[in-house]
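Asks: If you scroll down you'll find the structure; I have some questions about it.
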Amino acid sequence: MIKNDLFLKALKGESVSRPPVWMMRQAGRYLPEFMALKEKYDFFTRCRTPELAAEITVQPIRIVKPDAAILFSDILVIPQAMNIEVEMKPGVGPWLPNPIRSAKDVEQVIVPDINEELGYVMDAIKLTKEMLNNEVPLIGFAGSPWTILCYAVEGQGSKSFDKAKGFCFSQPEAAHALLQKITDTTILYLKEKVKNGVNAVQIFDSWGGMLSPKDYQEFSWKYINQIVEALADETEVIVFGKGCWFALGDMAKSKASALGVDWTCSPKNARYLTGGNITLQGNFDPSRLLSPIPTIKKMVHEMIDEFGKDKYVVNLGHGILPHIPVDHAKAFIEAVKEYEHK
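Just so we're aligned, residue 1 is where the sequence shown starts under UniProt numbering, counting upward by one.
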């Protein structure tokens, strides 16, 4: 039994004394302990070495003390397993030397044997569970099929992903074939994570907001929903679409346990758009963690008041930034723990 199960209770919609809290990208670059490991090992070595991934996952639990851990990994381990080469270039970020630009390229993409290609992730989960010793739940994650396609086609990060969108609009058959392969792989991957001990999963649709509402339905949401449908009976599923406030109504009708909200959507509007019945997660602007500590605490309490303490998971509206002082991250977590329902 997990000692602190507030997070799982909130995902199930149960009443809680206070909402649970964790931060996207909490295992990472704002922590000096993480940076020490970053200096010694390159990015994918950290992802592929279970001992390192487990240590990085548990660091924030020791240091800032959130109510849930999220496995240190990357959404791009999926395309790597699918026969798409991915590097992490210093100063550039993700770099795919052979981007997918045609139906022929899509044919070369495989749906892999998960344990053969991604067994190291499962080993990291087992090690992490041992280290967590049932203190808090562990979250596993994957990128949405659309977000993975963005990198696979563009070849690197982008402000607009014009090449990825152009591929979908000019070669829709090839795009849908690729999206389906990514979806099938993601379902197998997340199911394996659940088997190995994660307590919930989150789907990150980081680039969903690049699409119009109509195109979002065709190229993103229908594939995310396949994943939700496949996993919903086995674990709690959180869907986070950055910039996707327009899709919250459709998402709320799905079998997802919770929906992530970014900081551009007010708590009131998020509750209105989702019909008020589903757990919401978010949505503190990550840059706001640069505010003075008393301001952070005041704003967190106001945010909880606006969302309501039940059916709510406190989080940021996107990943924590690298230059956030650790004390400010701690203050964010502490503010939630100090909250008393008025």
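Note that CB positions come from ideal geometry on N, CA and C, so glycine has one too.
#1: So ALA200 and ILE238 are supposed to be a Cβ contact under 8 Å. How far apart are they, rounded?
#2: Would you mind stating whether VAL198 and GLY140 have Cβ atoms separated by less than 8 Å?
#3: Give the single residue among PHE169, GLY157, TYR223, GLY155 whose Cα lies nearest to the Cα of THR186.
#4: Please look up how many angstroms separate the CB atoms of TYR189 and LEU118, rounded, as I've assumed it's under 8 Å.
#5: DSSP has GLY282 in a bridge; who is on the other side?
#6: What residue does the beta strand (DSSP E) around MET88 start on, and which one ends it?
#7: Nearest CA to the CA of ASP285: which residue from ILE278, VAL106, ASP262?
#8: Of all the options LEU280, ALA329, ALA142, PHE246, which has the alpha carbon lying nearest to the alpha carbon of GLY13?
#9: If we require 4 or more residues per run, which alpha helix (DSSP H) segments fall completely within the region 179-237?
#10: Taking C-beta to C-beta, are ILE70 and ALA27 nearer than 8 Å?
#11: Who pairs with VAL21 in a beta bridge, going by DSSP?
#12: Whose C-beta lies closer than 8 Å to the C-beta of GLU334 among residues of the same chain, with five residues either side of it excluded?
#13: Could you check the C-alpha separation between GLU39 and LEU6 for me, to the nearest Å?
#14: Who does PHE141 pair with in a DSSP beta bridge?
#15: My assumption, with CB atoms under 8 Å, is that residue 404 sits in contact with GLU85. Please give the rounded CB distance.
#16: List the DSSP bridge partners of ILE70.
#17: Does any C-beta atom of chain B lie closer than 8 Å to the C-beta of ARG101?
#18: With a cut-off of 8 Å on the beta carbons, I'd call GLY208 and SER144 a contact; round off their distance for me.
#19: Decide if the region 228-236 is in contact with the region 164-173; the criterion is three or more beta carbon pairs, one per stretch, under 8 Å apart.
#20: Counting along the chain, where does the alpha helix (DSSP H) carrying PRO79 start and finish?
#21: Tell me the DSSP secondary structure of PHE161 in three-state form.
#22: Roughly how many whole angstroms lie between the Cα atoms of ASN315 and ALA103?
#23: Between the Cα of ALA329 and the Cα atoms of MET210, ARG29, GLY308, which residue gives the shortest distance?
#24: Alpha carbon to alpha carbon, how far is THR235 from GLN202?
#25: With a CB to CB cut of under 7 Å and the five nearest residues on each side skipped, what residues in its chain are close to ASP310?
#26: Just to confirm the assignment, what range does the beta strand (DSSP E) spanning PRO94 have?
#27: Let me check understanding here. Comparing Cα to Cα, which of MET82, PHE72, ILE114, LYS89 lies closest to ILE100?
#28: I think ALA54 touches THR128, with their Cβ atoms under 8 Å apart; what is that distance to the nearest whole Å?
#29: Near ILE324, what residues of its chain come up, given a Cβ to Cβ distance below 6 Å and the 5 sequence neighbours on each side ignored?
#30: Counting along the chain, where does the alpha helix (DSSP H) carrying GLU338 start and finish?
#31: Under DSSP, the alpha helix (DSSP H) around GLY28 begins and ends at which residues?
#32: Can you tell me whether GLN80 is buried or exposed? The criterion is at least 16 other CB atoms within 10 Å of its CB, across all chains shown.
#33: What is the C-beta distance between LEU178 and VAL106, in whole angstroms, given that I count them as a contact (C-beta under 8 Å)?
#34: Based on Cα-Cα distance, which residue from VAL111, TYR41, PHE219, LEU321 lies nearest to ILE78?
#35: Please classify LEU183 as buried or exposed, where buried requires at least 16 neighbouring CB atoms within 10 angstroms.
#36: Assign VAL58 to one of three DSSP states: helix, strand, or coil.
Replies: Reading off the structure:
#1: About 7 Å; that satisfies the 8 Å criterion.
#2: Contact: yes.
#3: If we check each option's Cα against that of THR186, TYR223 comes out closest.
#4: Confirmed, Cβ separation roughly 6 Å.
#5: Beta-bridge pairing links GLY282 to VAL261, VAL314.
#6: First-last of the beta strand (DSSP E) with MET88: 87-89.
#7: Nearest Cα to ASP285 within the set ILE278, VAL106, ASP262: ASP262.
#8: The shortest CA-to-CA distance from GLY13 to any of LEU280, ALA329, ALA142, PHE246 is the one to LEU280.
#9: Segments of the alpha helix (DSSP H) lying fully in the region 179-237: 213-216, 222-231.
#10: Contact check for ILE70 against ALA27 passes: the beta carbons are separated by less than 8 Å.
#11: The partner list for VAL21 (beta bridge, DSSP) reads VAL314.
#12: Cβ neighbours of GLU334 within its own chain (closer than 8 Å, five residues either side excluded): LYS297.
#13: If you take the alpha carbons of GLU39 and LEU6, they lie about 35 Å apart.
#14: PHE141 pairs with GLN202.
#15: Outside the modelled stretch of the chain, which goes from 1 to 342, sits residue 404, for which no answer is possible.
#16: Looking at the DSSP output, ILE70 sits in a beta bridge with ILE139.
#17: Annotation note: the requested chain B is absent from the structure, which comprises a single protein chain.
#18: The pair is a contact, with the Cβ atoms about 7 Å apart (cut-off 8 Å).
#19: Segments in contact, no.
#20: That run of the alpha helix (DSSP H) goes 77-81.
#21: The answer is coil: DSSP assigns PHE161 none of H, G, I, E or B.
#22: Their backbone Cα atoms lie some 39 Å apart in a straight line.
#23: Residue ARG29 is the option with its Cα nearest to ALA329.
#24: Cα to Cα, THR235 sits roughly 10 Å from GLN202.
#25: SER15, VAL16, listed in sequence order.
#26: For PRO94, the enclosing beta strand (DSSP E) stretches over residues 93-95.
#27: Distance from the Cα of ILE100 is smallest, within the candidate group MET82, PHE72, ILE114, LYS89, for MET82.
#28: Taking 8 Å as the upper bound for CB-CB distance, ALA54 and THR128 are in contact here, some 4 Å apart.
#29: Closer than 6 Å at the Cβ level, and outside the excluded window around ILE324, lie TYR30, LEU289.
#30: Boundaries of the alpha helix (DSSP H) around GLU338: 326-338.
#31: No residue range can be given for GLY28, since it is assigned to no alpha helix (DSSP H) and is classified by DSSP as neither H nor E.
#32: Result: buried.
#33: For LEU178 against VAL106, the beta-carbon gap comes to about 5 Å, under 8 Å, which counts as contact.
#34: Selection VAL111, TYR41, PHE219, LEU321 evaluated against ILE78 yields VAL111 as nearest (Cα-Cα).
#35: Looking at the sequence provided, one finds Thr at residue 183 rather than Leu. Burial check for THR183: the Cβ neighbour count within 10 Å reaches 16 or more, so the residue is buried.
#36: Secondary structure of VAL58 (DSSP, three-state): helix.
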